[in-house]
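Worksheet: one structure, shown below.
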Amino acid sequence: MRPRPPIEGRGIFSGTGLVVAALAATVVALLVPLWSYAGRQDPASANVLSAATVTTPYGPLSARDRDFVTKVRLAGLWELPAGELAQRKGTTPAVRTAGRHLVDGHTSLDAHVRTVATQLGVALPNEPNAQQKQWLATLDAARGQDFDRQFAGLLRLAHGRVFSLVAEVRAGTQNSLVRDLADDANTTVLDHIKILEATGYVDFSALARDLASPASPVPTPPEADPGAAVPVTPSPGETYALPPATAGPPPAASGP
């Protein structure tokens, strides 16, 4: 039998196939490690996440949630004494009224935060931090209208900064107790902002600059202006409702 002649081009096709196969093998070798790694989490990152968020009967409790609970407590530890100073040292009815709102609001809010902290196992501070102690020392040393300006300026700045924090925590927390605390804090902070502004001593231009700049360790108190006029006392019809007393969370339902 006469042998079959070779098919023209067979060698070319065979060589091309080898090249394609080699390229495909190279691509697979490069992609397989990536595919296998994509579904894995770095062990160090996993440990950080598990340590930052804990499970509670009221929902996940994040590190930010715990920080918020602590800051609510810290706010009361200096703002309530500041309110007591305003009740004693304020030179106008408006300043003394603002002091009363701070005392009443933080008395209620502090009871709430201590209840929440107990249920969530969050340790709370028992004294103001260094910055807050400096603010209280500034207010304690001030007299007359200088006290009124320092009180309104420092407290309004502090409340302005915490107002946005409360909103962020309320929007993002997954914990029901933290949400309730944020609701209470929002009502209290807004009430205090309004009553501080009603004193007539808030310098809104300086406030806007201070709020736009990074918070300094101890903000410089507003300078006293002896020639400034005493603010007009709010009209009798201008009132601000105090934040309602916050009841503790409902008890867990008992089993059948």
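Residues are numbered in my numbering as their position in the sequence shown, beginning at 1, plus a constant of 838.
We put the beta carbon where it would ideally sit given N, CA and C, even for glycine.
Predicted, not measured: the structure shown is a model, and the values here were computed from it.
Please confirm whether any heavy atom of the ligand HEM lies closer than 8 Å to the CB of residue i.
i, result
"Pro931", "The ligand HEM is not part of the structure shown, which contains no ligands of any sort."
Can you tell me the Cβ-Cβ gap for residue i and residue j, rounded? I've got them flagged as a contact below 8 Å.
i, j, result
"Leu993", "Leu1045", "With a Cβ gap of about 11 Å, Leu993 and Leu1045 do not count as contacting."
"Asn1013", "Gly897", "4 Å"
"Leu958", "Thr894", "6 Å"
"Asp1029", "Gly943", "6 Å"
"Thr1037", "Ala990", "5 Å"
"Leu974", "Arg911", "Their Cβ separation, rounded to whole angstroms, is 16 Å, which puts Leu974 and Arg911 out of contact at 8 Å."
"Leu947", "Gly914", "6 Å"
With a 10 Å radius around its C-beta and 16 neighbouring C-beta atoms as the bar for buried, classify residue i as buried or exposed.
i, result
"Ala980", "buried"
"Phe1042", "exposed"
"Gly1010", "exposed"
"Ser1002", "exposed"
"Thr1026", "buried"
"Asn964", "exposed"
"Glu917", "buried"
"Ser900", "buried"
"Pro1118", "Residue 1118 lies beyond the range of the chain shown here (839 to 1094); nothing can be said about it."
"Thr935", "buried"
"Ser1051", "exposed"
"Thr945", "exposed"
"Gly982", "exposed"
"Ala932", "buried"
"Ala1098", "With the chain covering only 839 through 1094, there is no way to say anything about residue 1098."
"Arg926", "exposed"
"Tyr1039", "buried"
"Arg1047", "exposed"
"Ala924", "buried"
"Pro1055", "With a pLDDT of 43 at Pro1055, under the threshold of 50, the modelled position of that residue is not reliable, and no figure is offered here."
Can you tell me where the alpha helix (DSSP H) with residue i in it begins and where it stops?
i, result
"Asp1018", "1014 to 1035"
"Val1040", "Counting along the chain, Val1040 falls outside any alpha helix (DSSP H), and DSSP gives it neither H nor E."
"Gly921", "901 to 927"
When you compare the CB of residue i with every CB in chain D, is at least one pair closer than 9 Å?
i, result
"Leu992", "Within the model displayed, chain D is absent; a lone protein chain is all it includes."
Ordered list of alpha helix (DSSP H) runs contained in the segment 948 to 985, each at least 4 residues = You should have 968 to 979.
Indicate whether the contact test is met: 3 or more Cβ pairs, each with one atom in the segment 1006 to 1025 and one in the segment 946 to 956, closer than 8 Å.
-> Flag = yes, the segment 1006 to 1025 and the segment 946 to 956 touch.
At a cut of 8 Å, does the segment 967 to 980 reach the segment 897 to 909 through at least three beta carbon pairs?
-> Contact annotation: the segment 967 to 980 does not touch the segment 897 to 909, with fewer than three C-beta pairs closer than 8 Å.
Between the segment 997 to 1012 and the segment 928 to 939, are three or more C-beta pairs nearer than 8 Å?
-> No, they do not touch.
Continuous beta strand (DSSP E) assignments of at least 3 residues falling wholly in the segment 990 to 1016 | Entirely contained in the segment 990 to 1016, not one beta strand (DSSP E) run reaches 3 residues.
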